[in-house]
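Peer 1: Got a structure for you, written out below as structure tokens; questions coming shortly.
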Amino acid sequence: MSQHKIALVTGASRGLGKEMAIALAKKNIDVIITYVSKPEEAANTVKSVEAYGCKAAALHLDLKNFNALDGFITALSDLLKEKFKTEKFDFLINNAGMGATVPFDKVTEELFTDFLNVHYKGVYFLTQKSLPFLNDGSSIINISSGTTRFANPGYSVYASMKGAIEIFTKYLAKELGPKGIRANVVAPGPVETDFNNAAIRSNPNMKTALGNMTPLGRVGQADDIGGVVAFLCSDEARWVNGQRIEVSGGINV
Numbered sequence: 005m006s007q008h009k010i011a012l013v014t015g016a017s018r019g020l021g022k023e024m025a026i027a028l029a030k031k032n033i034d035v036i037i038t039y040v041s042k043p044e045e046a047a048n049t050v051k052s053v054e055a056y057g058c059k060a061a062a063l064h065l066d067l068k069n070f071n072a073l074d075g076f077i078t079a080l081s082d083l084l085k086e087k088f089k090t091e092k093f094d095f096l097i098n099n100a101g102m103g104a105t106v107p108f109d110k111v112t113e114e115l116f117t118d119f120l121n122v123h124y125k126g127v128y129f130l131t132q133k134s135l136p137f138l139n140d141g142s143s144i145i146n147i148s149s150g151t152t153r154f155a156n157p158g159y160s161v162y163a164s165m166k167g168a169i170e171i172f173t174k175y176l177a178k179e180l181g182p183k184g185i186r187a188n189v190v191a192p193g194p195v196e197t198d199f200n201n202a203a204i205r206s207n208p209n210m211k212t213a214l215g216n217m218t219p220l221g222r223v224g225q226a227d228d229i230g231g232v233v234a235f236l237c238s239d240e241a242r243w244v245n246g247q248r249i250e251v252s253g254g255i256n257v
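Under this note's numbering, the residues of the sequence shown are numbered 5 to 257, in order.
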């Protein structure tokens with residue numbers, strides 16, 4: 005029996021990350037997820053992955069605390085050896101995020117720093133520190149946002165960090181190409197999850213307005229995104245590299 009490939013999905017106790025983990029399991033990929041504050045929800049994601057006959061595990065990682073990265077990498081290395089009987093993994097999906105809708109003139113330095121650590125600095129150095137553990141021919145997927153293409157008031161910090169991630173991904177594709185490692189961006193549009201205090205789910209008027217902005221007449225669901233991430237981890241996507249794939253139903257097309 006051949007060894008399953010292994011994916012690390014950050015921020016996968018719920019929402020988009022959970023659906024990514026499940027979509028990967030449907031492709032017989034084992035999954036390691038990270039969570040910040042809800043171990044019981046992380047355990048539920050683990051069970052969902054295991055229901056498809058794949059191995060799964062959860063590790064704590066709070067990207068706001070940049071100094072925790074080295075400890076996380078040590079824990080990841082130990083977990084790979086103990087549970088998965090290997091020293092390397094195949095897919096890094098940088099999904100962990102935080103949300104806030106804050107007008108530009110109300111943004112504080114503290115908020116800016118948190119967003120910087122979670123959405124850019126943490127992703128940059130988690131990817132760098134993961135590199136020795138990534139198999140040649142593996143794949144990195146960074147989650148961005150439709151708000152890098154169209155401006156949404158209140159998202160100046162969030163979208164700026166995601167814009168940086170999109171540039172970073174091009175450099176990853178270029179510099180890691182000799183190892184056969186691909187790097188791509190998946191940029192969701194508005195998705196109905198509990199992200200950003202469930203802003204869309206808890207506001208029917210906003211949900212309707214955003215849905216009406218897409219040619220398909222609805223907002224996204226978490227499983228609309230997961231399948232695209234799983235595709236990028238498949239052999240069918242072996243020639244997709246350095247790309248930004250927006251999964252938004254064509255909003256503001």
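Where is the CB? At the ideal position from N, CA and C, for every residue including glycine.
1. Mind pulling the alpha helix (DSSP H) runs of 4 or more residues that sit fully within the segment 122 to 172?
2. How is the alpha helix (DSSP H) around Val53 delimited, first residue to last?
3. In this structure, how does DSSP classify Leu220 when only helix, strand and coil are distinguished?
4. Within this structure, are the beta carbons of Arg18 and Glu45 separated by less than 7 Å?
5. With the cut-off set at 7 Å, would you say Ala163 and Thr173 are in Cβ contact?
6. Helix or strand or just coil, what does DSSP make of Glu250?
7. Mind checking Glu250: buried by the 16 CB within 10 Å criterion, or exposed?
8. For a quick check, are the C-beta atoms of Tyr56 and Lys30 less than 7 Å apart?
9. Just grab the DSSP bridge partners of Thr18 for me.
10. Does the segment 69 to 81 come into contact with the segment 114 to 130, if we say contact requires no fewer than three beta-carbon pairs (one atom in each stretch) closer than 8 Å?
11. How many whole angstroms separate the CB atoms of Ile10 and Asp140, which I take to be in contact at a CB cut-off of 8 Å?
12. How big is the Cα-Cα spacing for Gly150 and Pro136?
13. Taking the CB atoms as reference points, tell me whether Gly158 and Pro208 lie closer together than 7 Å.
14. Have a look at the DSSP bridge pairing and note the partners of Asn207.
15. Any idea if Tyr175 is buried or exposed, counting beta-carbon neighbours within 10 angstroms, 16 or more meaning buried?
16. Where does Glu91 land, buried or exposed, given buried means 16+ other C-beta within 10 angstroms?
17. So the beta strand (DSSP E) Ala226 belongs to, where does it begin and stop?
18. Among Ser41, Met210 and Ser143, which has the Cα closest to the Cα of Pro259?
19. According to the neighbour-count rule (16 or more other Cβ atoms, all chains shown, within 10 Å of its Cβ), is Ala100 buried or exposed?
20. Could you spell out the range, first to last residue, of the beta strand (DSSP E) harbouring Thr38?
21. So, at 7 Å on beta carbons, what are the nonlocal neighbours of Phe116 in its own chain, with the 5 sequence-adjacent residues on each side left out?
22. With Ile10 as the anchor, note down where its beta strand (DSSP E) starts and where it stops.
23. Pick helix, strand or coil for Pro182, following the three-state DSSP scheme.
24. Flag this pair as yes or no: are the beta carbons of Ile255 and Gly193 separated by less than 7 Å?
25. Roughly how many angstroms separate the alpha carbons of Ala79 and Leu65, rounded to a whole number?
Peer 2: In short:
1. 126 to 134
2. Pro43 to Glu54
3. coil
4. yes
5. Contact flag unset, no.
6. strand
7. Buried is the call here.
8. yes
9. With the sequence shown as reference, residue 18 is identified as Arg, and Thr is not the correct amino acid for it. Paired residues: none, contrary to the question.
10. yes
11. So it is not a contact: roughly 14 Å between Cβ atoms.
12. 31 Å
13. No, Cβ-Cβ distance for Gly158 and Pro208 is not below 7 Å.
14. Bridge partners of Asn207: none, in fact.
15. Answer is exposed; the Cβ neighbour count stays below 16.
16. exposed
17. Looking at the DSSP string, Ala226 is not in any beta strand (DSSP E); the run it does join, the alpha helix (DSSP H), is Ala226 to Leu236.
18. Because the chain here runs from 5 to 257, residue 259 falls outside it and cannot be looked at.
19. Sixteen is the threshold: when 16 or more other Cβ atoms of the shown chains lie within 10 Å of the Cβ of Ala100, as they do, the residue is buried.
20. For Thr38, the enclosing beta strand (DSSP E) stretches over residues Asp34 to Tyr39.
21. Apart from sequence neighbours up to five positions away, the residues of its chain that approach Phe116 with a beta-carbon distance below 7 Å are Val161, ordered along the chain.
22. Counting along the chain, the beta strand (DSSP E) containing Ile10 begins and ends at Ile10 to Val13.
23. Helix.
24. yes
25. 10 Å
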